[in-house]
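A.B. asks: Please read through the structure below; I'll follow up with questions.
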Amino acid sequence: MQLKRLQPNGVNVRVLDGHTLYSHVVVATGGRQIFISGQLARDASGNVVGRRDMRAQIEQVGKNLKACLEAAGAGLSDLVKTTTYVTDIDEFFKHADVRMQYFGPALPTSTTVEVRRLSHPDFLIEVEAIAIVE
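The sequence shown stops at residue 135 when you use the working numbering, and every number in between is there.
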């Protein structure tokens with residue numbers, strides 16, 4: 002399987018705090034697709050992690066995504082697409098360093114949308130993802 006990550010000429014590359022946040026294009030040839038449902042800031046017991054703390058919630062969501070990928074025989078570097086829903090986009094962008102710990106190695110394509118509310122009022126972020134492995 003081959004992944005090619007592209008930043009086309011003439012398209013602005015989003016950089017925050019020195020980090021390129023995503024690829025505009027990921028071309029995948031061959032491989033097995035893995036689809037991960039929206040992950041929230043819940044620990045293994047179902048408890049909400051980081052009430053009113055975006056940084057802690059991004060961290061927990063990253064851990065959950067990593068666990069989901071590992072269960073499917075993949076890793077964070079296999080991510081090709083993420084869709085992120087946040088309740089406060091300005092607060093979300095203050096924590097690009099945490100996001101990069103999880104998504105930086107893959108530099109997947111990415112969409113981030115601010116929403117009024119997620120499935121519970123204590124959740125600040127939800128991320129769904131697609132990965133491809135050989």
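Note that the Cβ used here is the ideal one computed from N, Cα and C, for glycine as well.
These numbers were taken from a predicted model, which means no experiment stands behind them.
Per DSSP, what kind of secondary structure is S46 in: helix, strand or coil?
C.D. replies: coil
A.B. asks: State yes or no: is the C-beta of L70 within less than 7 Å of the C-beta of A29?
C.D. replies: no
A.B. asks: Who are T21's beta bridge partners in DSSP?
C.D. replies: V16
A.B. asks: Given a cut-off of 7 Å, decide if R56 and D123 are closer than it, judged by their beta-carbon atoms.
C.D. replies: no
A.B. asks: Cβ of S38 within 7 Å of Cβ of T110?
C.D. replies: no
A.B. asks: With burial defined as no fewer than 16 other Cβ atoms inside 10 Å of the residue's Cβ, what is the status of I59: buried or exposed?
C.D. replies: Buried, since its Cβ has 16 or more Cβ neighbours within 10 Å.
A.B. asks: Quick one: using the 10 Å Cβ neighbour count with 16 as the cut-off for buried, is H96 buried or exposed?
C.D. replies: So H96 counts as buried.
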